[in-house]
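S.K.: Residue numbers (full-length UniProt numbering), protein chains in the order written: chain F, 1 to 194; chain D, 1 to 194.
Note that beta-carbon positions come from the ideal geometry of N, C-alpha and C, so glycine has one too.
Number of protein chains: 2
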Amino acid sequence: MEALKERIRREGRVLPGNIIKVDGFLNHRVDTAFMEELADEFARYFDVSKITMVLTAEASGIALATICANKYGVPMVFAKKAKSDNIEGGLYQSEIFSYTYKKKATLIVAQEWLGPEDKVLIIDDFMAKGYAMQGLIDIVNAAGAELVGIGVAVEKGFQHGGDSFREQGYNIHSLAVIEEATPDHITFREDDPV
Amino acid sequence: MEALKERIRREGRVLPGNIIKVDGFLNHRVDTAFMEELADEFARYFDVSKITMVLTAEASGIALATICANKYGVPMVFAKKAKSDNIEGGLYQSEIFSYTYKKKATLIVAQEWLGPEDKVLIIDDFMAKGYAMQGLIDIVNAAGAELVGIGVAVEKGFQHGGDSFREQGYNIHSLAVIEEATPDHITFREDDPV
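1. Just to make sure I have the definition right: I need the residues of chain F whose C-beta is within less than 8 Å of the C-beta of A3(D). Which are they?
2. By Cβ distance, which residues of its chain are closer than 7 Å to F188(F), with the 5 residues on each side in sequence left out?
3. Comparing the C-beta of G24(D) with each C-beta of chain F, is any distance below 8 Å?
4. Sort out for me which residues DSSP pairs G149(D) with in a bridge.
5. Considering only C-alpha positions, which residue in the set E37(F), K129(F), H28(F), G115(F) is nearest to I96(F)?
6. Run through the region 155 to 182 of chain D for me and flag every whole alpha helix (DSSP H) of 4 or more residues, listed as ranges in chain order.
7. So what's V109(D) in DSSP terms, helix, strand or just coil?
8. Tell me the residue span of the alpha helix (DSSP H) that contains V140(F).
9. DSSP beta-bridge partners for R29(D)?
10. Got a sec? Which residues, its chain only, sit under 6 Å from V109(D) by beta carbon, not counting five neighbours each side?
11. Leaving out the 5 sequence neighbours to the left and right, which residues in its chain are closer than 6 Å to A132(F) when beta-carbon positions are compared?
12. Does the count of Cβ pairs from the region 112 to 123 of chain D and the region 142 to 149 of chain D closer than 8 Å reach three?
13. Got a sec, what are the start and stop residues for the alpha helix (DSSP H) T187(F) sits in?
14. Quick one: what does DSSP say V194(F) is sitting in, helix, strand or coil?
15. Please confirm whether D31(F) has its beta-carbon closer than 8 Å to some beta-carbon of chain D.
16. Look at V14(F) and T182(F) and say whether their C-beta atoms are less than 8 Å apart.
17. Looking at chain F, is there any beta carbon in it that lies within less than 8 Å of the beta carbon of P193(D)?
18. Exposed or buried, what is residue 196(D) when buried is set at 16 or more other beta-carbons lying within 10 Å of its beta-carbon?
19. If you follow the beta strand (DSSP E) that A69(F) is in, where does it begin and where does it stop?
20. Give me the DSSP bridge partner(s) of T56(D).
21. Quick check: is the beta carbon of T106(F) nearer than 8 Å to any beta carbon in chain D?
22. Classify S94(F) as buried or exposed, calling it buried when 16 or more other Cβ atoms lie within 10 Å of its own Cβ.
23. Closest to R10(F) by C-alpha separation, out of I186(F), K103(F), L64(F), A142(F), would be which residue?
24. Please list, in chain order, the chain D residues whose beta carbon lies closer than 7 Å to that of M76(F).
25. Of the residues S164(D), Q168(D), P193(D), K156(D), which one's Cα is nearest the Cα of I19(D)?
26. Assign S174(F) to one of two classes, buried (16 or more other C-beta atoms within 10 Å of its C-beta) or exposed (fewer than that).
27. Taking L4(F) as part of the alpha helix (DSSP H), name the residues at either end of that continuous run.
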């Protein structure tokens, strides 16, 4: 998606450790109008008329997933990290390793809000190694729900999480896949054909 | 807001420890169309034409804050909990105690995204003792920004966080204030006049 790539080129910053910061519009300060454009773009790749929900993981996926769900007319469910006293029993769980926080976490979704009748579009703001994404996929599978597709705003292609999912046959589309990032230059992969 | 109270009466569940679960539409599975109605209701109490941003705290406030910000035409910023490697230097910080998770956490907002020129509407899904809210207020004050108002969807009135802010003179409005909650019955406070 050229508008997203242009925005990353203009506002993104590359930090040591292959960290690409786009927190001015995507995952700290959120430009919600721009998120609507991303939601429209996802709708070119996925048949959003057949989904029953959008699933994401807390915290930074929630804003984009909310705009998408609102636009597609379905509820948004976010997997929570770790266990709070507010979620009792009846949970789907998946252990993940957070690349961002360098520690393990458990993603949980209440069984009440995801079941075999659901057709799920997973939406996330960022994907690197794909650990959190694998956790979301595991949860969809545990529920016996149908995974319609996986939409990611920014994928770090050089960390190969996305390509691993592609090789496994998942219907995954990232709006901007970063092949290489240095402080001076960011190289993007060509967009998937619609 | 009668529609919200009705929804809490119909779908809310009261658990031991004064926990009120509304995770079917507000903070796990999110009914984004209903969030639009909440956003419209907040706009009756606050002059949203003068705000420059909506501020909330991760994670469960993000969905509602996103819908509000999108409707009001301003960016949404969410305070992050704890420190990740992705946020370097230049931070506003506030230590809070999470009633939900029974532990301390630090709310952080990058100074880049909040400054003295900002007019801030804080939006959160839930308020009990108000610890997280105090953290957000501290951050707005640390930035020298103007706090236009505080909008909360569901306030647990019997835990007095909201009343403490009212006594301090904050422009705070909660769409549903729960005065008493038992497994059989929930009593609400009367709505604030517009």
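M.R.: Looking at the coordinates:
1. Counting from one through the second sequence, the residue named residue 3(D) turns up at place 3. Using a Cβ-Cβ cut-off of 8 Å, A3(D) is close to nothing in chain F; its nearest Cβ partner there is about 17 Å away.
2. As a working mapping, residue 188(F) is identified with position 188 in the first sequence. Cβ neighbours of F188(F) beyond the five flanking positions: K5, A176, V177, I178, E179.
3. The count along the second sequence starts at 1 and reaches residue 24(D) at position 24. True, the Cβ-Cβ gap to chain F drops below 8 Å.
4. Taking the second sequence and counting its residues from 1, one reaches residue 149(D) at position 149. Residue pairing from DSSP places G149(D) in a beta bridge opposite L121(D).
5. Here the question's residue 96(F) lines up with position 96 in the first sequence. If we check each option's Cα against that of I96(F), K129(F) comes out closest.
6. If we require 4 residues or more, the alpha helix (DSSP H) runs fully inside the region 155 to 182 of chain D come out as 161 to 167.
7. Translated into positions along the second sequence, residue 109(D) becomes position 109. In the structure shown, V109(D) falls within a strand segment according to DSSP collapsed to helix, strand and coil.
8. Position 140 of the first sequence, counted from the first residue, corresponds to residue 140(F). Note, V140(F): alpha helix (DSSP H), 131 to 142.
9. Taking the second sequence and counting its residues from 1, the one referred to as residue 29(D) is at position 29. As DSSP reads the structure, R29(D) sits in a beta bridge with V77(F).
10. Residue numbering aside, residue 109(D) sits at position 109 when the second sequence is read from its first letter. So the qualifying residues of the chain are A79, Y92, I139.
11. If you number the first sequence from 1, residue 132(F) lands on position 132. Scanning its chain for C-beta atoms nearer than 6 Å, with the 5 sequence neighbours on each side dropped, one finds around A132(F) the residues A57, I96, in chain order.
12. Contact annotation: the region 112 to 123 of chain D touches the region 142 to 149 of chain D, with at least three C-beta pairs closer than 8 Å.
13. On the first sequence, residue 187(F) is found 187 positions in, with the first residue counted as 1. Per DSSP, T187(F) belongs to no alpha helix (DSSP H); it is in the beta strand (DSSP E), 186 to 188.
14. Mapped onto the first sequence, residue 194(F) falls at position 194. DSSP places V194(F) in the coil class of the three-state scheme, outside both helix and strand.
15. Counting from 1 along the first sequence, the entry for residue 31(F) is found at position 31. It does; some Cβ of chain D falls within 8 Å.
16. Residue 14(F) sits at position 14 when you count from the first residue of the first sequence. Residue 182(F) sits at position 182 when you count from the first residue of the first sequence. Yes. Within cutoff.
17. Locating residue 193(D) in the second sequence gives position 193, counting from the first residue. It does not: the Cβ of P193(D) has no partner Cβ on chain F nearer than 8 Å.
18. It is not possible to answer for residue 196(D), since the shown part of chain D is limited to 1 through 194.
19. The count along the first sequence starts at 1 and reaches residue 69(F) at position 69. Counting along the chain, A69(F) sits inside no beta strand (DSSP E); it lies in the alpha helix (DSSP H) bounded by residues 62 to 72.
20. Your numbering for residue 56(D) matches position 56 in the second sequence. Partner(s): F78(D).
21. Here residue 106(F) is taken as the residue at index 106 of the first sequence, counted from 1. Chain D contact via Cβ: absent.
22. Translated into the one-based positions of the first sequence, residue 94(F) becomes position 94. Residue environment for S94(F): buried (at least 16 other C-beta atoms within 10 angstroms of its C-beta).
23. The residue given as residue 10(F) occupies position 10 in the first sequence. When each option's Cα is compared against that of R10(F), the closest is I186(F).
24. Taking the first sequence and counting its residues from 1, the one referred to as residue 76(F) is at position 76. Those within 7 Å of M76(F) in chain D are V30, T32, A63.
25. Taking the second sequence and counting its residues from 1, one reaches residue 19(D) at position 19. Of S164(D), Q168(D), P193(D), K156(D), the smallest CA-CA separation from I19(D) is found for K156(D).
26. Position 174 of the first sequence holds residue 174(F). Buried, since its Cβ has 16 or more Cβ neighbours within 10 Å.
27. Here residue 4(F) is taken as the residue at index 4 of the first sequence, counted from 1. It spans 2 to 11 - the alpha helix (DSSP H) in which L4(F) sits, taken as one unbroken run.
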